[in-house]
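In what follows, a structure is listed as structure tokens, so that the remarks can point back to it.
Chains as they are written, first to last, in the numbering used here: chain S, 3 to 341; chain V, 3 to 341.
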């Protein structure tokens, strides 16, 4: 007999802040680096290729006192039924007793922790005097990525938004994304900033300091010759084999950090660059947790191009979910049920 | 956004009957046999050897329209803290949409489905004229095993209870077990029966038709020479490497069915018999689902000794959990929470 807290997407959206998520993701990366965080083997199952699949990501964070899992199911036909295609569900347990602590809708946490990941990469790898961010991709992740960078890097004052496949879409989505960013910032940023749409990706790349890519692309979108020295990329889109957003030659010349080495070379932005011969796995500088912990040096000079390849690890979800549980308990929100 | 049903151990105990569990376990075995049921890879993690570990068992049952997982955590120090050592938690999803359906305390389901497993083995392998059951082990599983056999085999009229390591314990536990069996039967059996304590295991083995073993033993408890022809064994205790309840020579001469071939040879009763050279893996007749489905013959004559080696598979938990969810919904029990 125990009591479990159930947190809906709506409740998590109310209690969890992007600053919480950024701190949580840094903590997850550090615990992985020091060995306090441990990933269990990934389970993937395909019900029907291209139509329905699932994965179960799980792990333990000794310094946070929790372990748990996230089940993510994707059912491509759901939209016809008026349902979301993705359902994510997280279960958290107390690592001193095994008691189940909470069941969470993983959607809100996934959005926040993925945004936070891109921003943590930029915070530790971009030039300190960076002012211009380019957001490549105008989907659900765009507001999370922008808000997280605006919080993690107060020096960024200009954000451009670009939709590489349909250039007019950035202007169409601009108002909605501005509003979503404001809501996510929730008063947490004092410095002024602007968000504008950019039609020409090449030109926007050429004037940016920090570029975040979050598209479902399977083809390189950004060419080596467009990139100016000192640019930082946080690549968030590639999370399965065959996905790619950058010209492999960009990675061949860059200082690269990843969230998880095994995952990055098999499903991340690094995967295609390695397959295409631009990059050897041994050329990856290391995992971002080792950089944050100070075990590895980050950017070595102002001219270097840096890349953070974020594939997403369960530890991010679990730490940020734990923060959501704490925030909800403080405000007595969520449903408590006896188990 | 979706709604999830949370079922506590107490609610499941109220709504789920042993007959439900027996039908559910047969269904799970059949779906495994026909390919409608599919197990995902098992995750095991040891926090600290002999002190704390967990496993995540998961799978899909196409004919039941569900998939899901059961997390079982064992924390050996919990008893000092006044907590149970084991916590089991089951999550069920709808396999047409991926929508989370229910979160259940797995404890009550595990007890019922494990009892049902032993009884299903006996129902399909024991002689039809069996009258005497011997229950070896007086722990938490004993009442579940006895009640399930009494329901699945109306011809059984005598049950003996034996505690192999401390013979007087059977008499001490007799009243509590009788009462627990009555509660589990819940009026579902019309035929009279008796339950008695047996001090001498050898003698009790020699007069029994159906023997269920559910102990934590790592040494053989029952010797080959005690067993009379035609006896059936359902072995439930062995669920990890090194556990053993029967003399390996019994398995060497018997017709053996298992719930899952891979699991039986690595962690089941078959494991030690194979290691000790009494049994070749190819001598196992097959999986019980193939027997129930009629794809393999069961007992071939009255004199044969038969064995069902039950190691426990996620499909049993998932099917029986689904039945518990249906029963709870019929009676409007459980807590519904938005996710």
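Here a beta-carbon is modelled for each residue, glycine too, at the ideal position from N, C-alpha and C.
Checking the DSSP bridge columns, you'll see residue 132 of chain V has no partner listed. By the neighbour-count criterion, in which 16 or more other beta carbons inside 10 Å mark a residue as buried, residue 156 of chain S falls on the exposed side.
Between the region 202–217 of chain S and the region 177–188 of chain S there are fewer than three C-beta pairs closer than 8 Å, too few to call the two in contact. At a C-beta separation below 7 Å, residue 340 of chain S has these neighbours in chain V: 10.
Contact between the region 111–122 of chain V and the region 101–109 of chain S is absent, with fewer than three C-beta pairs closer than 8 Å. In this structure residue 55 of chain S is in contact with residue 49 of chain S, their Cβ atoms being roughly 6 Å apart against a cut-off of 8 Å.
Look at residue 43 of chain V: its C-beta is under 8 Å from a C-beta on chain S. Taken residue by residue, none of the region 124–155 of chain S has a beta-carbon sitting less than 8 Å from a beta-carbon on chain V. Rounded to the nearest angstrom, the gap between the Cα atoms of residue 333 of chain V and residue 168 of chain S is 53 Å. Interface residue (Cβ-Cβ distance to chain V less than 8 Å): residue 220 of chain S is not classified as such. For residue 169 of chain S, there are no C-beta contacts with chain V under 7 Å, since the nearest C-beta of that chain is about 33 Å from it. The beta carbons of residue 210 of chain V and residue 136 of chain V sit closer together than 8 Å. Looking at the backbone, the Cα of residue 294 of chain S and that of residue 271 of chain V are separated by about 49 Å.
Under a criterion of Cβ atoms nearer than 8 Å, the residues of chain S adjacent to residue 83 of chain V are, in order, 99. For residue 175 of chain S, the secondary structure class from DSSP, reduced to helix, strand or coil, is helix. In the structure shown, residue 238 of chain V adopts coil according to DSSP, grouped into three states. At least one CB atom of chain S sits nearer than 8 Å to the CB of residue 60 of chain V. Looking at the DSSP output, residue 76 of chain V shares a beta bridge with V/55, V/88. For the region 319–340 of chain S, the set of positions with a beta-carbon nearer than 7 Å to some beta-carbon of chain V reads 337, 339, 340 in chain order.
Taking a cut-off of 8 Å for Cβ pairs, the region 287–303 of chain S and the region 236–244 of chain S do not touch, as fewer than three such pairs fall below it.
When Cβ-Cβ separations below 8 Å define contact, residue 102 of chain V makes contact with chain S.
Counting along the chain, residue 14 of chain S sits inside no beta strand (DSSP E); it lies in the alpha helix (DSSP H) bounded by residues 11–17.
Bounds of the alpha helix (DSSP H) holding residue 121 of chain V are 108–127.
In the three-state reduction of the DSSP assignment, residue 212 of chain V falls in the strand class.
Looking from the CA of residue 166 of chain V, the closest CA among V/81, V/106, V/199, V/259 belongs to V/199.
One finds nothing in chain S with a Cβ atom closer than 8 Å to the Cβ of residue 228 of chain V; even the nearest lies about 39 Å away. For residue 50 of chain S, the pairing in a beta bridge is given by DSSP as S/54. Inter-residue distance for residue 213 of chain V and residue 128 of chain V is about 10 Å (C-alpha atoms, whole angstroms). Closest in alpha carbon position to residue 53 of chain S, among S/67, S/118, S/81, is S/81. Secondary structure in the region 236–276 of chain S: the beta strand (DSSP E) runs of 3 residues or longer, each lying completely within the stretch, are 257–260 in chain order.
The beta carbon of residue 26 of chain V is closer than 6 Å to those of 321, 322, 325 in its chain, skipping five residues each way along the sequence. Following the DSSP letters along the chain, one finds residue 160 of chain V inside the beta strand (DSSP E) bounded by residues 160–164.
If you look at residue 311 of chain S, you'll find it isn't in any alpha helix (DSSP H); it sits in the beta strand (DSSP E) that goes 308–311. Here residue 150 of chain V is not bridged, per DSSP, to any residue. In chain S, no part has a C-beta under 8 Å from the C-beta of residue 268 of chain V; the shortest such distance is about 17 Å. Here residue 188 of chain V is exposed, its C-beta having fewer than 16 other C-beta atoms within 10 Å.
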